[in-house]
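Residue numbers (my numbering): 1 to 437. Don't be surprised by glycine CBs; every beta carbon is placed ideally from N, CA and C. Everything numeric in this text was worked out from a predicted model, so none of it was measured.
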Amino acid sequence: MAVTEETSTDPLVAELRSWLEENWDPDLTLAEWWELLGVSGWCAPTLPSNAYGKGLSRSDANKVGKTIAEFGAVGAPGGLGLLLAAPTIATHGTQEQIDLYVRDIVTGQQAWCQLFSEPGAGSDLAGLTTKAELDGEEWIVTGQKVWTSLGQTADMGMLIARTNPDAPKHQGITWMACDMHQDAVDMRPLIEMTGHAMFNEVFLTEARVPDSAVIGGVNNGWAATNTTLANERAGLGAGGGSGGSGLTPGTIAGMLDKRAGDFAPDPAKAKTAGTTPRARAGSSMWEDLARGLGKNTDPVIRQDLVRLHIMNRLGQMNTDRLKAVKAGGGDIPGMANISKLAMSDLMRLTRDLGLRLVGPAGTLHAYTEEQRVALDAATGNPMLAMITGTALYAQAPPIYGGTDQIQKNIIGERVLGLPKEPGDFKTTPFSELPKNA
1 MAVTEETSTD PLVAELRSWL EENWDPDLTL AEWWELLGVS GWCAPTLPSN AYGKGLSRSD
61 ANKVGKTIAE FGAVGAPGGL GLLLAAPTIA THGTQEQIDL YVRDIVTGQQ AWCQLFSEPG
121 AGSDLAGLTT KAELDGEEWI VTGQKVWTSL GQTADMGMLI ARTNPDAPKH QGITWMACDM
181 HQDAVDMRPL IEMTGHAMFN EVFLTEARVP DSAVIGGVNN GWAATNTTLA NERAGLGAGG
241 GSGGSGLTPG TIAGMLDKRA GDFAPDPAKA KTAGTTPRAR AGSSMWEDLA RGLGKNTDPV
301 IRQDLVRLHI MNRLGQMNTD RLKAVKAGGG DIPGMANISK LAMSDLMRLT RDLGLRLVGP
361 AGTLHAYTEE QRVALDAATG NPMLAMITGT ALYAQAPPIY GGTDQIQKNI IGERVLGLPK
421 EPGDFKTTPF SELPKNA
């Protein structure tokens, strides 16, 4: 590999490229490669060193992901394990739990899903009613979850359940690592208006979770839950990752025994491509599309392209600013919520810009691969399915991960100090609360 100017001046990049030159082998299986990448700390570099990371900032982690892609090696596994479960367990778990769960996450051995929302507890997550009762050294869990992303390929679930209904609703919740392979877990896909089924509803009927799988202590799950949510909102706001491969980990997806080199990126393309969904949304792809459709001189289109670029840059700068403040022992209250709100605005702008670019063709959408082939042939625009899919999907981000309204409530109450809704909901036992209170 040629030595770039950045390689010669950036010690982090030089160290990583040296490691890649010594370890990357396209003939390894994905499992073998992710094992090397995971235990080295380069898979999840923002995690602390005792949790298979390197304690790097998000901006440096993005640099790591970009360097791996430019080298032509496969990046970190995709999914919610790295984004949510690993940082939560690293923060609240014991070292034994970190070695048990986080290691399998960073090496791609297990995929995770999030068992948080319920039909009656979405925006008011602490109103959940899934119950867990201790039976010897196991918890027996019964209840229903919904909007479970990527549950079809999950080996493990981040489960929150009510373990003490007589405590106030935020104080009787426990965060657990739940085995998704057991018969007591019933996964049912939810077909979206995009035609895909990223989300699921999950029914737990006396599912069993070992007491050793409780993360952060019994009835102390709200603290761990907030860590999960903060990582979710920060990750979504920053684009969802740090240059991972996007490949699905775990035993269900069936990719672990595949040749790693077959999924390696093109180094030439990696140098010009964004490393995150946010970067891709604001990349030159949209400019190229506008140019190809002859709309790059339209003043409204040009203004939206500039807005998209500015929003992306602001998101990246806010992320870097937060990391710098935290490195000095401080914090920027509400930044994760602000980032989540900004991501919703970004998705809406991307939706509107895409539909404005394709015009009436935006009313056409392919729900299957066969329809996509026919649509491409009819319109002569292979980008159309991506644009219409993005437009349909854009309604989801303002809802999942905490609605925009919830983010504004958190900023108002916890950051600005505005008065909360009246009532003694924080001290009243959950069993005595009216439903959804």
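Where residue i and residue j are concerned, what is the direct C-alpha to C-alpha distance, given to the nearest angstrom?
i: Leu357; j: Gln97; result: 50 Å
i: Met386; j: Ala361; result: 12 Å
i: Asp155; j: Val214; result: 17 Å
i: Ile410; j: Thr148; result: 23 Å
i: Leu128; j: Phe203; result: 14 Å
i: Gly172; j: Leu20; result: 47 Å
i: Asn497; j: His365; result: Summary: the structure shown does not reach residue 497, with the chain confined to residues 1 through 437, and so no result is reported for it.
i: Met187; j: His309; result: 39 Å
i: Ala223; j: Val415; result: 18 Å
i: Asp99; j: Gly329; result: 27 Å
i: Trp139; j: Asp183; result: 15 Å
i: Glu267; j: Ala76; result: The amino acid at residue 267 is misidentified as Glu; the sequence shows Pro. Straight-line Cα distance between these residues: approximately 16 Å.
i: Leu314; j: Met343; result: 11 Å
i: Gly93; j: Ile105; result: 14 Å
i: Ala177; j: Ala85; result: 9 Å
i: Glu22; j: Trp33; result: 12 Å
i: Ala253; j: Glu432; result: 43 Å
i: Asp288; j: Asp166; result: 59 Å
i: Phe71; j: Leu353; result: 33 Å
i: Pro438; j: Tyr367; result: Lying outside 1 to 437, the shown extent of the chain, residue 438 is not represented and no answer is given.
i: Phe263; j: Gly246; result: 10 Å
i: Gly294; j: Asp376; result: 19 Å
i: Ala281; j: Gly380; result: Residue confidence is low: Ala281 scores 45 on pLDDT, short of 50, so the model does not pin down where it sits. Its coordinate-derived value is still stated next. Whole-angstrom Cα-Cα distance: 22 Å.
i: Asp257; j: Leu30; result: 6 Å
i: Gln303; j: Trp286; result: 12 Å
i: Leu418; j: Thr225; result: 23 Å
i: Gly359; j: Ala197; result: 27 Å
i: Thr319; j: Arg307; result: 18 Å
i: Leu115; j: Pro189; result: 14 Å
i: Ala396; j: Ala230; result: 18 Å
i: Pro422; j: Lys169; result: 16 Å
i: Asp135; j: Ala90; result: 27 Å
In the DSSP assignment, what residue or residues form a beta bridge with residue i?
i: Phe203; result: Gln144 and Asp186
i: Asn215; result: Sequence check: residue 215 is Ile here, not Asn. Bridge partners of Ile215: Trp175.
i: Trp139; result: Leu134 and Val209
i: Arg259; result: Thr29
i: Ala121; result: Glu118
i: Pro429; result: Pro168
For the beta strand (DSSP E) that contains residue i, what are its first and last residues?
i: Lys459; result: Here the chain has residues from 1 to 437 only, and residue 459 is not among them.
i: Trp112; result: Trp112 to Leu115
So residue i is in the alpha helix (DSSP H); what residue range does that whole segment cover?
i: Pro265; result: No alpha helix (DSSP H) contains Pro265, which DSSP labels as neither H nor E.
i: His92; result: Ala86 to His92
i: Trp33; result: Leu30 to Ser40
i: Trp19; result: Pro11 to Asn23
i: Ile106; result: Reading the sequence as shown, one finds Val at residue 106 and not Ile. Val106 -> alpha helix (DSSP H) spans Arg103 to Val106.
i: Ile68; result: Arg58 to Phe71
Could you pull out every residue in the same chain whose Cβ sits closer than 7 Å to the Cβ of residue i, ignoring the five residues on either side in sequence?
i: Leu28; result: Ala260
i: Glu6; result: At Glu6, the pLDDT of 48 sits below 50, so the modelled position is not reliable; the number obtained from the coordinates is stated separately. If we look at Glu6 and ignore the five residues flanking it on each side, its Cβ neighbours are Val13.
i: Gly401; result: Glu232, Arg233, Leu236 and Lys340
i: Glu137; result: Pro210 and Asp211
i: Leu322; result: Ile332 and Met335
i: Pro228; result: Residue identity check: residue 228 is Thr in the sequence provided, not Pro. Closer than 7 Å at Cβ, skipping near neighbours: Leu84, Thr88 and Met158.
i: Ala207; result: Val141, Cys178, Gln182, Ala184 and Val185
i: Gly79; result: Ala111, Trp112, Leu150, Thr248 and Pro249
i: Arg348; result: Ala394
i: Gly53; result: Gly41, Ala44, Pro45, Thr46 and Leu47
i: Thr403; result: Ser123
i: Ala73; result: Leu20, Trp24 and Ala264
i: Pro119; result: Gln144 and Val146
i: Asn337; result: Arg233, Gln407, Ile410 and Ile411
Leaving aside the five residues before and after residue i along the sequence, list all residues of the same chain whose C-beta is less than 6 Å from its C-beta, in chain order.
i: Leu56; result: Pro45 and Thr46
i: Ala132; result: Trp139, Val141, Ala161 and Thr163
i: Leu37; result: Cys43
i: Leu463; result: Examination of residue 463 is not possible in this model, given that the chain is present from 1 through 437 alone.
Counting only the same chain and skipping the five closest in sequence on each side, list residues whose C-beta sits under 8 Å from that of residue i.
i: Asn219; result: Thr163, Asn164, Ala167, Gln171, Gly172, Ile173 and Thr174
Under 8 Å between C-beta atoms, does residue i make it to chain D?
i: Ala14; result: Looking for chain D here will not work: only one protein chain is present.
Considering only heavy atoms of the ligand MG, does any lie closer than 7 Å to the CB of residue i?
i: Ser123; result: Looking at this structure, you won't find the ligand MG or any other ligand, since it has none at all.
What are the uninterrupted segments assigned as alpha helix (DSSP H) that are 4 or more residues long and contained completely in the region 142-177, given in chain order? none
List, from N- to C-terminal side, the alpha helix (DSSP H) runs of 4 residues or more that fit wholly inside the region 343-407. 369-379 and 384-393
What runs of the alpha helix (DSSP H), each 4 residues or longer, lie entirely inside the region 291-346? 299-327
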